[in-house]
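Only one structure is covered here, and it is reproduced in the block below.
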Amino acid sequence: MDSVETSQADTFPFGHSSVQIVDVPRLDPSIYSLTPDEAEFFKAATGINDDNMLRAHILRAQEEAYKVAPYPCIYDFAFDILDIGRERPDAIFLDLGCCFSVDLRKLAFDGFPARGIISSDIKKEFLELSHFLCRTSNDMWAGHSISGDLLDPEMLSVAPVMRGSKVGSLPDLSTLTSLNPLHGHCSVVYASCFLHLFTEEQQLHLARALVGLLSPEPGSLKRHNSRRKH
222 MDSVETSQAD
232 TFPFGHSSVQ
242 IVDVPRLDPS
252 IYSLTPDEAE
262 FFKAATGIND
272 DNMLRAHILR
282 AQEEAYKVAP
292 YPCIYDFAFD
302 ILDIGRERPD
312 AIFLDLGCCF
322 SVDLRKLAFD
332 GFPARGIISS
342 DIKKEFLELS
352 HFLCRTSNDM
362 WAGHSISGDL
372 LDPEMLSVAP
382 VMRGSKVGSL
392 PDLSTLTSLN
402 PLHGHCSVVY
412 ASCFLHLFTE
422 EQQLHLARAL
432 VGLLSPEPGS
442 LKRHNSRRKH
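When we follow my numbering, the leftmost residue of the sequence shown carries the number 222, and every step to the right adds one.
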């Protein structure tokens, strides 16, 4: 197996603390590869139809994101594209630790109403780079974004699991500054490659907090995909 070129240990801010990442692999453009479905999506999302120009654009976005935090999903282009359709007229899809928000862009591309899509990440720069990658702006994208630390109760507090009928009216998603108004309203809470970043105690706290966001309507769900640690 070929060795991966690495840099020295780097320290990156993470919420109210910081983490040190040892042997950060240097970006390798040679591993760039899109499936036909991914290429179709990115061409539609960016308006770039030339394969070479699209490659250069995605690599530039990858480079800028890697400066914010060298996550493995950025290094290996793990966009994790979803194929979830429209579930209900007022559905809310919340993606936590969204990075580029590519999953959400593809979700809207497949027909899920963008007005019910919310992306959240502790790094505000990732939310801005989502617009760079897809060549959009806040005026062009109907989805919503909220940056903040999920361990901060002002951003996300633990609330009882909602049961029975639907809870109240939906909040105005365009005015959200935290996730707390979403308690009992989310159709899907998606946390891909996310919880493994925290300690076991923090994971338990977040699991309890995330469940409180789910709507009591049948079919609401929380999904988490974890990356294996090496």
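Virtual Cβ for every residue (Gly too), placed ideally from N, Cα, C.
State the DSSP-derived secondary structure class of residue i, mapped to helix, strand or coil.
| i | result |
| --- | --- |
| residue 404 | coil |
| residue 342 | strand |
| residue 329 | helix |
| residue 279 | helix |
| residue 334 | coil |
Classify residue i as buried or exposed, calling it buried when 16 or more other Cβ atoms lie within 10 Å of its own Cβ.
| i | result |
| --- | --- |
| residue 309 | exposed |
| residue 382 | exposed |
| residue 423 | exposed |
From residue i to residue j, what does the alpha carbon distance come to, in whole angstroms?
| i | j | result |
| --- | --- | --- |
| residue 404 | residue 431 | 9 Å |
| residue 441 | residue 409 | 6 Å |
| residue 401 | residue 275 | 38 Å |
| residue 356 | residue 327 | 14 Å |
| residue 367 | residue 377 | 11 Å |
| residue 349 | residue 319 | 12 Å |
| residue 342 | residue 290 | 12 Å |
| residue 302 | residue 325 | For residue 302, the predicted structure reports a pLDDT of 44, less than 50, and the residue's modelled location is therefore unreliable. A value from the coordinates is still provided. Using only the alpha carbons, I get a separation of about 8 Å. |
| residue 360 | residue 352 | 11 Å |
| residue 260 | residue 273 | 12 Å |
| residue 391 | residue 372 | 24 Å |
For residue i, which residues in the same chain have their Cβ closer than 7 Å to its Cβ, ignoring the five residues on either side in sequence?
| i | result |
| --- | --- |
| residue 297 | 252 |
| residue 374 | none |
| residue 306 | With a pLDDT of 39 at residue 306, under the threshold of 50, the predicted position of this residue should be treated as unreliable, though the coordinate-derived value follows. So the qualifying residues of the chain are 331, 332 and 333. |
| residue 345 | 368 |
| residue 265 | 330 |
Report the partner residues of residue i according to the DSSP bridge assignment.
| i | result |
| --- | --- |
| residue 352 | The partner list for residue 352 (beta bridge, DSSP) is empty, contrary to what the question assumes. |
| residue 368 | 342 |
Within its chain, find whatever has a CB closer than 6 Å to the CB of residue i; leave out the 5 residues flanking it on each side and keep chain order.
| i | result |
| --- | --- |
| residue 369 | 376 |
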